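S.K.: Please find one structure pasted underneath; my questions will follow.
There are 2 protein chains.
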Amino acid sequence: MDTKHGSATRLKLMETARELFIAKGVDRVGVREIATKAGVNLSLMNYYFRSKENLLEEIFEQSIKDNGQVLRGILNEDLPLEEKIYKYVNTYIDILTEDPLLVPFVLSIIHRNAEQAPRLKAVHTLYNTETFSNQLKHEAEVGKIRKIDPEQFFISMISLILFPFAIKWLIGYRMTFTPGQMAKFLEDRREHVYDMLINSLRP
Amino acid sequence: MDTKHGSATRLKLMETARELFIAKGVDRVGVREIATKAGVNLSLMNYYFRSKENLLEEIFEQSIKDNGQVLRGILNEDLPLEEKIYKYVNTYIDILTEDPLLVPFVLSIIHRNAEQAPRLKAVHTLYNTETFSNQLKHEAEVGKIRKIDPEQFFISMISLILFPFAIKWLIGYRMTFTPGQMAKFLEDRREHVYDMLINSLRP
DNA sequence: GTCTATAACGGGATAGAC
DNA sequence: GTCTATCCCGTTATAGAC
Numbered sequence: 001m002d003t004k005h006g007s008a009t010r011l012k013l014m015e016t017a018r019e020l021f022i023a024k025g026v027d028r029v030g031v032r033e034i035a036t037k038a039g040v041n042l043s044l045m046n047y048y049f050r051s052k053e054n055l056l057e058e059i060f061e062q063s064i065k066d067n068g069q070v071l072r073g074i075l076n077e078d079l080p081l082e083e084k085i086y087k088y089v090n091t092y093i094d095i096l097t098e099d100p101l102l103v104p105f106v107l108s109i110i111h112r113n114a115e116q117a118p119r120l121k122a123v124h125t126l127y128n129t130e131t132f133s134n135q136l137k138h139e140a141e142v143g144k145i146r147k148i149d150p151e152q153f154f155i156s157m158i159s160l161i162l163f164p165f166a167i168k169w170l171i172g173y174r175m176t177f178t179p180g181q182m183a184k185f186l187e188d189r190r191e192h193v194y195d196m197l198i199n200s201l202r203p
Numbered sequence: 001m002d003t004k005h006g007s008a009t010r011l012k013l014m015e016t017a018r019e020l021f022i023a024k025g026v027d028r029v030g031v032r033e034i035a036t037k038a039g040v041n042l043s044l045m046n047y048y049f050r051s052k053e054n055l056l057e058e059i060f061e062q063s064i065k066d067n068g069q070v071l072r073g074i075l076n077e078d079l080p081l082e083e084k085i086y087k088y089v090n091t092y093i094d095i096l097t098e099d100p101l102l103v104p105f106v107l108s109i110i111h112r113n114a115e116q117a118p119r120l121k122a123v124h125t126l127y128n129t130e131t132f133s134n135q136l137k138h139e140a141e142v143g144k145i146r147k148i149d150p151e152q153f154f155i156s157m158i159s160l161i162l163f164p165f166a167i168k169w170l171i172g173y174r175m176t177f178t179p180g181q182m183a184k185f186l187e188d189r190r191e192h193v194y195d196m197l198i199n200s201l202r203p
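Residue numbers (the UniProt record's numbering), protein chains in the order written: chain Z, 1 to 203; chain Y, 1 to 203.
Now the structure itself:
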């Protein structure tokens with residue numbers, strides 16, 4: 001591929017930027033540094049990605065897209081409800097543990113682009129919950145779980161999973177956690193979140 | 001007051017900035033615009049607030065401080081657990097409904113300053129949960145509720161309350177909500193969150 | 001302590017020539 | 001696709017007036 005959207009230069013820039021962002025933090029990395037380290041002229045970089053913001057978006061677009069497919073896949077699998085929730089929660093926390101910058105990044109992008117045209121198209125792949133909603137409705141009709149608004153339940157589920165990663169350092173600071181304790185706290189959330197969701201569904 | 005931290009000029013700048021930030025979005029407001037509109041010299045503005053970031057912080061510091069006192073107060077009140085949770089959830093959602101920019105702002109500030117020195121001191125006033133933790137432990141010992149990690153429960157509670165406000169427009173976009181439907185969805189969350197928390201505590 | 005004026009530096013973004 | 005020159009913006013610094 002040698003088109004504008006897939007050239008080696010483009011990929012090189014995204015790789016370099018990603019490494020630098022993770023290593024030093026987005027705000028402490030300049031566009032000139034990225035361009036230099038990638039061996040690319042600054043203006044050319046601006047030719048590919050119109051802005052640093054845009055570059056950032058594209059980098060995470062890919063990550064979200066990949067992970068989104070996995071997560072959406074779980075919601076659509078043919079699994080018992082409890083098992084599905086268990087798998088969803090754990091897979092999601094796996095992903096966030098591996099890429100702890102994901103949540104803050106996405107939130108900051110959401111924040112900056114609020115009220116704007118639908119950007120972050122990939123995020124929508126996270127939100128295909130029809131099968132899951134129907135499953136919840138059906139289980140409620142059969143009396144196996146409490147009657148519940150599926151949309152509210154889904155939002156609650158992702159809130160419980162995602163929000164702690166958004167305020168990670170705040171939690172750590174408040175409880176004076178060492179990095180190890182922080183990791184444990186987030187590990188423990190797997191069970192806590194699962195329990196809370198399941199218990200809230202009991203008739 | 002005529003000291004550095006309370007002069008009329010200072011307040012004027014904060015007011016002007018706040019209005020502009022809310023109207024146009026933080027990133028679309030320049031420091032020169034704020035200074036001009038407030039009728040203040042740019043250098044003077046930099047004398048009061050060392051940076052735009054700092055100005056932003058101070059604007060929300062006050063709001064968080066006030067609301068934080070109210071919320072912390074509820075957690076420390078002498079109330080039955082269920083009643084306390086009910087009051088906490090509803091008061092919190094009241095606050096966020098009235099000032100919907102609060103969550104995204106605070107999160108973006110947190111994000112930008114992650115790994116930094118303890119800024120946003122006021123946020124800490126939100127997090128004084130000793131009385132509440134003890135109450136949870138006690139109720140569990142008496143067998144009135146399930147045994148539960150109080151820290152995890154508290155984080156879950158604020159996750160359920162706060163996160164939807166952080167991804168508000170995403171929810172709206174996905175479900176193609178009108179502003180009215182959005183408002184209803186967030187209103188409905190009061191009951192949903194309360195129910196989920198209480199049900200998850202049932203023995 | 002409060003305020004003005006002005007210059008300069010670094011970083012992101014852009015226009016236009018090649 | 002590439003590179004130069006340029007602009008805007010946030011920030012810092014200085015020097016001085018009240």
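All residues carry an ideal CB built from backbone N, CA and C; glycine is no exception. Keep in mind it's a predicted model, so treat the numbers as computed, not measured.
Put Y:L79 into one of helix, strand or coil per three-state DSSP.
M.R.: Within the second sequence, the letter at position 79 stands for residue 79 of chain Y. Note: Y:L79 maps to coil in three-state DSSP.
S.K.: Do Z:K84 and Z:I95 count as a contact pair if the criterion is CB distance below 8 Å?
M.R.: Residue mapping note: residue 95 of chain Z aligns to position 95 of the first sequence, counting from 1. Residue mapping note: residue 84 of chain Z aligns to position 84 of the first sequence, counting from 1. No; because the gap between Cβ atoms is not below 8 Å, this pair is not in contact.
S.K.: Should Y:E57 be listed as close to the ligand GTP, given that the test is whether its C-beta is under 7 Å from any heavy atom?
M.R.: Judged by which ligands are present, the structure shown has none, so any question about the ligand GTP falls away.
S.K.: Rounding to the nearest angstrom, what Cα-Cα distance links Z:T176 and Z:N134 in this structure?
M.R.: Within the first sequence, numbered from 1, the residue matching residue 176 of chain Z stands at position 176. Within the first sequence, numbered from 1, the residue matching residue 134 of chain Z stands at position 134. Distance between the alpha carbons of Z:T176 and Z:N134: 43 Å.
S.K.: Would you give the residue range spanned by the alpha helix (DSSP H) that Y:R18 belongs to?
M.R.: As a working note, residue 18 of chain Y is residue 18 in the second sequence. From DSSP, the alpha helix (DSSP H) with Y:R18 extends over A8 to K24.
S.K.: Going by C-alpha to C-alpha distance, which of Y:I110, Y:R146, Y:A38 and Y:H124 sits closest to Y:N67?
M.R.: For this step, residue 67 of chain Y is matched to residue 67 along the second sequence. The shortest Cα separation from Y:N67 among Y:I110, Y:R146, Y:A38 and Y:H124 belongs to Y:H124.
S.K.: List, in chain order, every chain Y residue whose beta-carbon is nearer than 8 Å to that of Z:D149.
M.R.: Here residue 149 of chain Z refers to the residue found at position 149 when the first sequence is read from its first residue. Simply D188 and H192.
S.K.: Relative to chain Y, which residues along the stretch 148 to 180 of chain Z have a C-beta separation below 9 Å, given in chain order?
M.R.: Cβ contacts with chain Y: I148, D149, E151, Q152, F153, I155, S156, I158, S159, L160, I161, L162, F163, P164, A166, I167, K168, W169, L170, I171, Y173, R174 and M175.
S.K.: Closer than 8 Å by beta-carbon distance: list the chain Y residues that pair up with Z:P104, in chain order.
M.R.: Position 104 of the first sequence, counted from the first residue, corresponds to residue 104 of chain Z. Near Z:P104 (Cβ distances below 8 Å), the residues of chain Y are L107, I110, H111 and A114.
S.K.: Could one say the Cβ of Y:N67 lies closer than 8 Å to chain Z's Cβ atoms, at least one of them?
M.R.: One-based indexing of the second sequence puts residue 67 of chain Y at position 67. Chain Z, which has no Cβ nearer than 8 Å to the Cβ of Y:N67, makes this no.
S.K.: Drop a sphere of 10 angstroms on the beta-carbon of Y:T97, count the other beta-carbons inside from all chains shown, and report buried for 16 or more, exposed for fewer.
M.R.: In the second sequence, residue 97 of chain Y corresponds to position 97, counting from 1. By the neighbour-count rule (16 or more Cβ atoms within 10 Å), Y:T97 is not buried but exposed.
S.K.: Between Z:V193 and Z:L162, is the Cβ-Cβ spacing less than 8 Å?
M.R.: Position 193 of the first sequence holds residue 193 of chain Z. Position 162 of the first sequence holds residue 162 of chain Z. It is not a contact, given that the beta carbons lie outside the stated cut-off.
S.K.: Short check: CB of Y:I155 to CB of Z:I93, under 8 Å?
M.R.: As a working note, residue 155 of chain Y is residue 155 in the second sequence. As a working note, residue 93 of chain Z is residue 93 in the first sequence. Their beta carbons are not under 8 Å apart, which means Y:I155 does not touch Z:I93 by this criterion.
S.K.: Are the Cβ atoms of Y:V31 and Y:L20 separated by less than 8 Å?
M.R.: Here residue 31 of chain Y corresponds to residue number 31 of the second sequence, with the count starting at 1. Here residue 20 of chain Y corresponds to residue number 20 of the second sequence, with the count starting at 1. Cβ atoms of Y:V31 and Y:L20: not closer than 8 Å.
S.K.: Indicate whether at least one CB of chain Z lies closer than 8 Å to the CB of Y:L56.
M.R.: For the purposes of this step, residue 56 of chain Y is taken as residue 56 along the second sequence, with counting starting at 1. No, because no Cβ of chain Z sits closer than 8 Å to the Cβ of Y:L56.
S.K.: For the stretch 41 to 58 of chain Z against the stretch 7 to 22 of chain Z, are there 3 or more C-beta pairs whose distance is under 8 Å?
M.R.: Because the criterion of three Cβ pairs below 8 Å is met, the stretch 41 to 58 of chain Z and the stretch 7 to 22 of chain Z touch.
S.K.: Are there 16 or more other CB atoms within 10 angstroms of the CB of Y:L44, so buried, or fewer, so exposed?
M.R.: Locating residue 44 of chain Y in the second sequence gives position 44, counting from the first residue. Exposed.
S.K.: Could one say the Cβ of Z:A117 lies closer than 8 Å to chain Y's Cβ atoms, at least one of them?
M.R.: Locating residue 117 of chain Z in the first sequence gives position 117, where the first residue counts as 1. Any reading at Z:A117 must be qualified, since the residue scores a pLDDT of 48, below 50, and its modelled position is unreliable; the value itself is stated next. Z:A117 does not count as touching chain Y.
S.K.: Counting only the same chain and skipping the five closest in sequence on each side, list residues whose C-beta sits under 7 Å from that of Z:A117.
M.R.: Translated into positions along the first sequence, residue 117 of chain Z becomes position 117. Below a pLDDT of 50, predicted positions are generally treated as unreliable, and Z:A117, at 48, falls in that range; no measurement from the model is reported.
S.K.: Establish whether the CB of Y:S200 and some CB of chain Z are separated by less than 8 Å.
M.R.: Reading the second sequence from its first residue, position 200 is the one you call residue 200 of chain Y. Output row for Y:S200: interface = yes.
S.K.: Please confirm if Y:M1 has its CB atom under 8 Å from at least one CB of chain Z.
M.R.: In the second sequence, residue 1 of chain Y corresponds to position 1, counting from 1. For Y:M1, the predicted structure reports a pLDDT of 46, less than 50, and the residue's modelled location is therefore unreliable. A value from the coordinates is still provided. Not one chain Z Cβ lies under 8 Å of Y:M1.
S.K.: Using alpha carbons as the reference points, say which of Y:L81, Y:F185 and Y:L55 lies closest to Z:D149.
M.R.: In the first sequence, the residue the question calls residue 149 of chain Z occupies position 149. Closest option to Z:D149, Cα to Cα, is Y:F185.
S.K.: Using the C-alpha atoms, what's the distance from Z:A35 back to Y:N128?
M.R.: Numbered from its first residue, the second sequence carries residue 128 of chain Y at position 128. Numbered from its first residue, the first sequence carries residue 35 of chain Z at position 35. When rounded, the distance between both Cα atoms is 46 Å.
S.K.: Just how far apart, CA to CA, sit Y:E33 and Y:E58?
M.R.: What you label residue 33 of chain Y is simply residue 33 of the second sequence in a count that begins at 1. What you label residue 58 of chain Y is simply residue 58 of the second sequence in a count that begins at 1. Near 18 Å, if we compare the C-alpha coordinates of Y:E58 and Y:E33.
S.K.: With 7 Å as the limit, tell me which residues of the stretch 81 to 95 of chain Z have their beta carbon closer than that to any beta carbon of chain Y; keep them in chain order.
M.R.: The stretch 81 to 95 of chain Z vs chain Y, Cβ under 7 Å: nothing.
S.K.: Would you kindly report the start and end of the unbroken alpha helix (DSSP H) that includes Y:N134?
M.R.: For the purposes of this step, residue 134 of chain Y is identified with residue 134 of the second sequence, where counting begins at 1. Run containing Y:N134: E130 to E141, per the alpha helix (DSSP H) assignment.
S.K.: Hey, Y:M196 and Z:S200 are a contact pair by Cβ (cut 8 Å); roughly how many whole angstroms apart?
M.R.: What you label residue 196 of chain Y is simply residue 196 of the second sequence in a count that begins at 1. What you label residue 200 of chain Z is simply residue 200 of the first sequence in a count that begins at 1. Between Z:S200 and Y:M196 the Cβ distance is about 4 Å, and since that is below 8 Å, they are a contact.
S.K.: State yes or no: is the beta carbon of Y:Y127 nearer than 8 Å to at least one beta carbon in chain Z?
M.R.: The residue given as residue 127 of chain Y occupies position 127 in the second sequence. Chain Z contact via Cβ: present.
S.K.: Measuring straight from C-alpha to C-alpha, what distance separates Y:F132 and Z:L107?
M.R.: Your numbering for residue 132 of chain Y matches position 132 in the second sequence. Your numbering for residue 107 of chain Z matches position 107 in the first sequence. Going by the C-alpha atoms only, they are around 29 Å apart.
S.K.: What do you reckon, are the CB atoms on Z:A17 and Z:L55 nearer than 8 Å?
M.R.: As a working note, residue 17 of chain Z is residue 17 in the first sequence. As a working note, residue 55 of chain Z is residue 55 in the first sequence. Their beta carbons are under 8 Å apart, which means Z:A17 touches Z:L55 by this criterion.
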